Structures are given as C-alpha cells and as structure tokens.
Amino acid sequence: MSCPSNRPLITHHLPNLTLIKSPAHYPLLIPPLLSIPVQHRPTPQFTPPHMLMAPPPLLSLSGLLLLLLLASSTSNAAAAKPVQTHSLLATPLSPDRSSAPSALARDDDKDVFAGNLAAAEDAAASTVSFSVVHRDDFAVEATAAELLAHRLERDGKRAARISAAAGAANRTRGGSGGVVAPVVSGLAQGSGEYFTKIGVGTPATPALMVLDTGSDVVWLQCAPCRRCYEQSGQVFDPRRSGSYGAVDCSAPLCRRLDSGGCDLRRRACLYQVAYGDGSVTAGDFATETLTFAGGARVARIALGCGHDNEGLFVAAAGLLGLGRGSLSFPTQISRRYGRSFSYCLVDRTSSANPASRSSTVTFGSGALGSTVASSFTPMVKNPRMETFYYVQLIGISVGGARVPGMANSDLRLDPSSGRGGVIVDSGTSVTRLARPAYSALRDAFRAAAAGLRLSPGGFSLFDTCYDLSGRKVVKVPTVSMHFAGGAEAALPPENYLIPVDSKGTFCFAFAGTDGGVSIIGNIQQQGFRVVFDGDGQRVAFVPKGC
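So that you can map any letter, position 431 of the sequence shown is 417 in the numbering used here, and since no number is skipped, the others follow by simple counting.
In structure tokens:
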C-alpha cells in the first residue's frame, strides 16, 4: 500500500527562541527559523511509522546572520578591557622669569674637590661619581615657555645630526674601579643637555661639562682663546697646569681622530669636532688629569683643548663624550674602572623643588648597583656607527594594551646600511619614533585618552595636545616601553604629558621622524637610573633611581 502522490505537504515549526549552554559555557541564543516544507516519499507498507525520518531542517539566512553577530559581539566584549590609568599632577609652566643660576655654577668648589688627591689617585677605588644638572638651570631672565621653545628648536637640529651620522660611516673612531659626580635640571638655555662639574688639570680648574652619550671626544675651551663663547666659570689655561701634555702628530691617539690634523711647526696633534647645529670646536689634542668629587683622579685622559669654539654651547666649558667609541671617556677609563656607567636625569622642572634638583652620574662597579638582570636589554651594534647605544624596542603599551600596527621592521636596525634602529641618547629631549610607529602610538593614546579635551593646532613638533586648564589631578592612560629580553620601562605620566605654556596646555611628548633612526630622549628617561653596562653589552632602565 502506497501513499497517494497528491498528499498535502507536512510542515514542521521549530520552537521559539531558546537559551542553551555551549561546551565553553557561553550562552547562545537560537532564533526561531522559517517554516521549511518537507516532502514525504512513498513508504513501503511494512515500514513501521516510528522509523520514518525527515531530513534535518536548514538554518535560514536570518538565523545565520544573527549567530554571526552574536559571536562577534561576544568576542569584542571579551577583548575589551578597562584602560589602565594613573594620575598626572597638571601643573602648568610658571609664567615667572628665572632669577638665579644653579648652585653648581658657583666658583666655590672646595667641597667638590676636597681630599688628598694623591692618595685618592692611588686608592683602589671601584666607583667614582659626580653631580649632574640640566643646563637650563643656569639661565636667568627667561620664562619657562621661552626656554622650552628654544630647547625644542635645538632638539630638532640635534636629532637631524644623529640621523645623518647614523646612516653614514663613523665620524669619530673614537676593570675594577669607578668614579661619581652630581646631575641637576631646570628650564633655562633650552638645549636639553645635562651638565656635570669636574676638575681639569693640576691644580684642578672646575669645569662644567655636557654629558653626551651621542659623542666620543672629550673637549673643553682653553686659554688663550682666539674665539670662545661665554661659559660659566673660568676658562681652563693649560699653561698653568702641571699635568698637561701635548699629543705628537705621529702618536696613536692622534690617528684615532677622524677630523685630526698636525701643526708641523710644533709637531702638535690638532682636532676639530663639528655639530649639526653649526657649533664647532677646534684646537690642540692633548692629555690631562681629571679630578672628581671627593678627590678621585684619572690621569692621561685624551681631550681636545679648544682655542676656537663657537655655537650653542651655552654655559658649559666643554663636553664629556660618553659614547661607545675608542676616544670616549668610558672607554679611556675602562682599564681602571671598567666600561660601565649610569646616570639619573632629574625632572626638567625640578628647579621648583630644590630638594630634588641634584642627581649623579657614576662610573665603575657602583654604576650597576643592585640592578636586577630582568631590567636589562642587550645593546645592539651598528657596524657603521660605533658611537651610539642601540637597543631593540619591540613594542609600546598604552592603557595596558600593546599598540597594534607597530611593526618590528619600523624599529629594527639594518646593519648593512646603518639605518633604522633605536638609540638611547642623553642629549636629545623628545623621543622620536619612525613615522609609522609614532602614528600607531599617537592614535592609540588618543583613543585611550578620549575623555580628555584635545587642544587644536598642536605645539611646535607635538601634534597631540590637551587643554587641562583648571584641573589639578588628571587620570591619563599608562604608557610602557618594551625591550628585547623582557625589560620594560613603565613611564611616569610627567614623562610623556608635559606642560608647554602657563595656561594648562599639555602635549604628548613623542614625535615622528623620517630620519631613519629612532631616539629615546631624556624627557622619557627622567627619573630612571639608566645603566650602560659596557662590559656586559646591555642597558637597563631602573625606575625611581635618582
């Protein structure tokens, strides 16, 4: 017996919307589907009715779309995390003009260079350190806004010089023990450079020296001056020093200079160092004894004795090159103290709080202190530029989440061309990142700081600024820099949101660059003890290390 061929169609209706649990325990909503007709085929007479089977119902298009939307919203909800924030004390720049220079500029150095120098020189000291100040601390009759504008202008020139040098051939080819001196900050000549005071010659003449990890040659102004800029303190006169020694033109030290020469009449080695901002120093290349706080002395340091100097070396007597080259100060003292040193750069506005103005730079075993191994990231070598301290920056987090779109290729050094990579520099103020990496960072910060009021127009090289006028404490997204080897630098808020006027405008203190090399500047370094372990070829950022 068979079913008639004109039997009416039988339809099945699914039940209403049902909530069920998936294996992963996420609730899923099953929507009602459209009625789907099913045609019964003729059934043999002997087949029991309970064995009749219909094909499984097909999901409707609307049901599939609903399921996809539900899965997407569930994924987004799981991915969305609260933005991590911390508090920024929103103190605008002072409108007042600076009135008094730093105490380090005074000529009274009895305490700095006290002690039995001969005994100190023979002692088996493992560490030497000295005070450091920001060069802006020496200006008078200038407002903080004026100094910042000047500083950013000079900063751009320095960054351009570094970018040009990093992509070219080397410009300057540059144990157990140690030495320590002081570090201070303020907002006054607008250069972004930090000073330390040392003694030069015998007897020691106090000299304020710029600390510069982007240079190798040590030099200072010397009398008699054919052309000298105004400096703080007296100009060093080699004729009055019992330890000054000229370097012969044929000496190996002279051959290490890229821009060296020879005075044939005196057989005296000559040096010249030019900077990208137009500054230049030239004179005799010599050796001299340097004295540090507490009386520690280091003899026969090769340095330039500049009789012809001009440019933007405001207040400083000269420069202490801290680079990786053969003529840098750390390299020259390595037999006695090793190649390690560290510094802590105080807040650029710390002049408002005299108690926090001073910090130190330390050479020798004491430079490492109690730094834990996890704080270090390996140094990277650029075969075309031995001076700079390269590190591998592998990412940045904003609000606790890694910034998407920041490709490793944008921050990686190309050894064959010398381009790319990231350096740590004490003389550059603003951190500059390769343009694509900066754009990704800026966009991530803007999104995380959506609750802050943007200030239109930007400021100088900054394109992301906020109007925080009338607010004393502001919640801002966190920013952390991640390095190869697991090291991390979690930046305090004042290291990346800085005041640029007295009205309450604060700017995101990063910038983009098309110059090839990215630079971690001293605004982002302030408050950290930055350790350069030349013996271990690694760098560390130790928070709250001043």
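Note that the Cβ used here is the ideal one computed from N, Cα and C, for glycine as well. Predicted, not measured: the structure shown is a model, and the values here were computed from it.
For residue i, the nearest candidate out of the options (CA to CA)
i	options	result
residue 329	72, 114, 489	114
residue 83	116, 68, 123	123
residue 184	257, 429, 255, 219	219
residue 126	382, 348, 301	301
residue 237	254, 225, 228	254
residue 465	528, 73, 385, 519	385
residue 143	260, 208, 256, 243	260
residue 231	187, 278, 197, 493	187
residue 199	347, 470, 387	347
residue 282	256, 271, 322, 266	322
residue 420	501, 118, 134, 274	501
residue 400	331, 418, 410, 378	378
residue 311	243, 271, 269	243
residue 271	461, 332, 206	206
residue 435	460, 417, 412	460
residue 252	264, 269, 463	269
residue 398	425, 504, 213	504
residue 225	77, 256, 241, 208	208
residue 356	365, 443, 519	519
residue 120	189, 74, 194	194
residue 354	135, 214, 524	524
residue 405	118, 134, 149, 433	149
residue 456	403, 77, 275, 192	77
residue 476	508, 382, 408	382
residue 529	358, 204, 429	358
residue 444	416, 433, 486, 239	486
residue 380	203, 409, 112, 273	409
residue 228	432, 285, 249, 246	285
residue 245	197, 275, 203, 276	203
Straight-line Cα distance separating residue j from residue i
i	j	result
residue 361	residue 216	41 Å
residue 522	residue 280	28 Å
residue 306	residue 221	16 Å
residue 234	residue 180	32 Å
residue 452	residue 316	41 Å
residue 201	residue 499	21 Å
residue 336	residue 308	Unreliable placement is indicated for residue 336, whose pLDDT of 46 sits below 50; no coordinate value is reported for it.
residue 258	residue 490	44 Å
residue 170	residue 512	Reliability fails at residue 170, whose pLDDT of 38 lies under 50, so the model's placement of it is uncertain and the value that follows must be treated cautiously. About 11 Å.
residue 363	residue 313	25 Å
residue 526	residue 70	24 Å
residue 387	residue 468	12 Å
residue 327	residue 427	31 Å
residue 288	residue 439	53 Å
residue 152	residue 267	21 Å
residue 140	residue 478	25 Å
residue 291	residue 182	18 Å
residue 414	residue 210	31 Å
residue 174	residue 332	In this prediction, residue 174 has a pLDDT of 29, which is less than 50 and means its spatial position is unreliable; nothing more can be read from the coordinates.
residue 296	residue 212	10 Å
residue 116	residue 265	26 Å
residue 132	residue 446	12 Å
residue 303	residue 411	20 Å
residue 463	residue 81	28 Å
residue 532	residue 256	39 Å
residue 135	residue 146	17 Å
residue 390	residue 508	25 Å
residue 73	residue 422	28 Å
Where the beta strand (DSSP E) containing residue i begins and where it ends
i	result
residue 213	Element bounds for residue 213: n/a, residue is neither H nor E.
residue 541	Nothing can be reported for residue 541, as the shown portion of the chain is limited to -13 through 532.
residue 457	No beta strand (DSSP E) contains residue 457, which DSSP labels as neither H nor E.
residue 526	524 to 528
residue 485	483 to 485
residue 493	491 to 494
residue 249	246 to 249
residue 480	No beta strand (DSSP E) holds residue 480; DSSP gives it neither H nor E.
residue 407	Premise fails: residue 407 is in no beta strand (DSSP E) and is neither H nor E.
residue 258	254 to 260
residue 401	Premise fails: residue 401 is in no beta strand (DSSP E) and is neither H nor E.
Residue interval of the alpha helix (DSSP H) (run including residue i)
i	result
residue 78	No alpha helix (DSSP H) holds residue 78; DSSP gives it neither H nor E.
residue 149	130 to 152
residue 240	238 to 241
residue 429	421 to 434
residue 510	508 to 511
Within-7 Å CB hit, residue i to chain D
i	result
residue 332	Here there is only one protein chain, and chain D is not present.
message: Restricting to runs no shorter than 4 residues, where is the alpha helix (DSSP H) found entirely within the segment 264 to 326?
response: 315 to 318, 320 to 323, all fully within the segment 264 to 326.
field: Cβ contact (3+ pairs, closer than 8 Å) linking the segment 446 to 461 and the segment 363 to 378
entry: no
message: When you compare the segment 394 to 401 with the segment 465 to 476, are there three or more beta-carbon pairs, one atom per stretch, that lie closer than 8 Å?
response: Between the segment 394 to 401 and the segment 465 to 476 there are fewer than three C-beta pairs closer than 8 Å, too few to call the two in contact.
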